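For reference, the structure is listed below as structure tokens.
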Amino acid sequence: MGAGYMMPEEVREDVRRIRSLTEKPFGVNLFVPDLGASAEADEIQRMEEILSRYSIELGLEEKPSLPGRDYESIYRKKLEVVWEEGVPVCSFTFGIPDSTTLHELKKRGTVVAGTATNVNEAVEWEEAGADLIVAQGSEAGGHRGTFHKEESGLVGSMALIPQVADAINCPVVAAGGVMDARGIAASLMLGAAGVQLGTAFLTCRESGAHPLYKNAFLHATEEQTALTKAFSGKLARGVGNRFIEEMDGQPALPYPLQNDMTAPLRKQAAKLERPEFMFLWSGQGVRLAEALTVKELMMKLVSGTGDLLDK
Ligand SMILES: Cc1cc2nc3c(=O)[nH]c(=O)nc-3n(C[C@H](O)[C@H](O)[C@H](O)COP(=O)(O)O)c2cc1C
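Under the working numbering, the first residue of the sequence shown is numbered 21, with each subsequent residue one higher.
Here's what the structure looks like:
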């Protein structure tokens, strides 16, 4: 359950709802906040001016501005929910939580998973006590989990997975570009113990993605995705659109400030059905996306992988 953007009480409600639907284990995923994220007044003003053009075009009355949220306190409260509810698995991206947090989770028997985008990050995660590590290749849709230098986190899955598997002892979960049984079998051959798929589920019938978003994916091709910081301030991969193109070369505010400042634009764009201003996070495997139910996709992945491994 991706809880990075959720409020603590929403996390609690959804965790309880999942529990009411299944006795099987599940995971909650959190974003580790960068507590040093800040911007100068002139940088904020510059971004407000750039985004104003789009606000006007979308008919928004309020000018873009920063809501001034206490990110650390929201994150801490979400962690408390994870502890209190005894969530079986907690995975993190964008960084490594402090040792007290990891200790509290492990004390309660929660399995801790960390996202790494290069070998050094994976080693750091293992030293911090991760039970398993998600190795996220550069093909992946959505945000890069990189917490070292941005440029150090753009290794493709084919190269990343075996190098991470060689460097650490805990199980590696391959993420990035895995769309079907071939990708799963290949990941296992490369040394992964499991896989994490994002893009493949976006076009599933149960997915809550905006219908325009789903439609864009079903017609997108592998060369149409782009890495951008324009929406959130953190590098992320999505299907290219007008906003990404026009913001190319403009220095974004650091995450999560840019994310907060573009939020009203994105919300309005979704309401008005204007995908050129929405983030359409997607991985490079997008051409392989199908409109299936989750059950159909899972059955296809499991039986297809079994067949390939038998060969
Ligand atoms: C729409 C979308 C949202 C995502 N949200 C999160 C998230 O909240 N937390 C996270 O750790 N990864 C997130 N990811 C990344 C996935 O966990 C995973 O690394 C990635 O999807 C794997 O590559 P693939 O998209 O090629 O399958 C997201 C990916 C997509 C496509």
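Think of the CB as a built atom: it goes at the ideal place given N, C-alpha and C, for glycine as much as any other residue.
These numbers come from a predicted model, not from an experiment.
- Straight through space, the alpha carbons of Asp-34 and Gly-203 are spaced by roughly 30 angstroms.
- In this structure, the alpha-carbon of Asn-261 lies about 12 angstroms from that of Phe-251.
- Annotation: Val-107 to Gly-47 spans about 7 angstroms, alpha carbon to alpha carbon.
- Short of 6 angstroms from the beta carbon of Leu-247, and not among the five residues preceding or following it, lie these beta carbons of its own chain, in chain order: Leu-255, Arg-257.
- Listed in chain order, the beta strand (DSSP E) elements of length 3 or more contained wholly in the stretch 144 to 195 are 152 to 156, 192 to 195.
- Within the stretch 208 to 296, the runs of alpha helix (DSSP H) that reach at least 4 residues and sit entirely inside it are, in chain order, 219 to 222, 231 to 238, 262 to 267, 277 to 291.
- Sorting Ser-323, Val-198, Met-21, Leu-78 by C-alpha distance to the C-alpha of Val-102 places Met-21 at the top.
- Leaving aside the five residues that flank Tyr-233 on each side, the residues in its chain whose CB is nearer than 8 angstroms to its CB run, in chain order, Leu-222, Pro-295, Met-298, Leu-300.
- In this structure, the C-beta of Ser-111 approaches ligand 1 to less than 7 angstroms from one of its heavy atoms.
- The stretch 142 to 159 and the stretch 173 to 187 touch, with three or more beta-carbon pairs separated by less than 8 angstroms.
- Assignment of Thr-42 by DSSP, reduced to helix, strand and coil, places it in the coil class.
- Here Ile-264 is buried. Its C-beta has 16 or more other C-beta atoms within 10 Å.
- Check the Cα spacing between Asp-330 and each of Ala-201, Ala-283, Glu-310, Arg-225: the tightest is with Ala-201.
- Relative to Asn-49, the option among Met-26, Ala-59, Leu-71, Asp-62 whose CA is nearest is Met-26.
- The C-beta separation of Gly-196 from Gly-269 comes to about 26 angstroms, leaving the pair out of contact by the 8 angstroms criterion.
- For Glu-29, the number of other beta carbons within 10 angstroms of its own is below 16, and it is reported as exposed.
- By the C-beta criterion, the stretch 268 to 285 is judged to be in contact with the stretch 65 to 81, since at least 3 inter-stretch pairs fall below 8 angstroms.
- Burial is judged here by how many other beta carbons sit within 10 angstroms of a residue's own beta carbon; Ser-207 has at least 16 and is buried.
- With a threshold of 16 other beta carbon atoms within 10 Å, Glu-141 meets it and is buried.
- Taking all protein chains in view, the Cβ of Lys-98 is crowded by 16 or more other Cβ atoms within 10 Å, so the residue is classified as buried.
- Straight-line measurement puts the Cα of Thr-241 at about 13 angstroms from the Cα of Glu-310.
- Proximity of the stretch 209 to 223 to the stretch 308 to 327 meets the contact definition, three or more beta-carbon pairs being nearer than 8 angstroms.
- DSSP links Thr-113 through a beta bridge to Phe-51.
- Each of Val-132, Leu-125, Gly-115 was checked against the Cα of Asn-138, and the nearest Cα belongs to Gly-115.
- Ligand 1 approaches Trp-301 closely enough that one of its heavy atoms is under 7 angstroms from the residue's Cβ.
- By the neighbour-count criterion, in which a residue is buried when 16 or more other Cβ atoms sit within 10 angstroms of its Cβ, Leu-41 is exposed.
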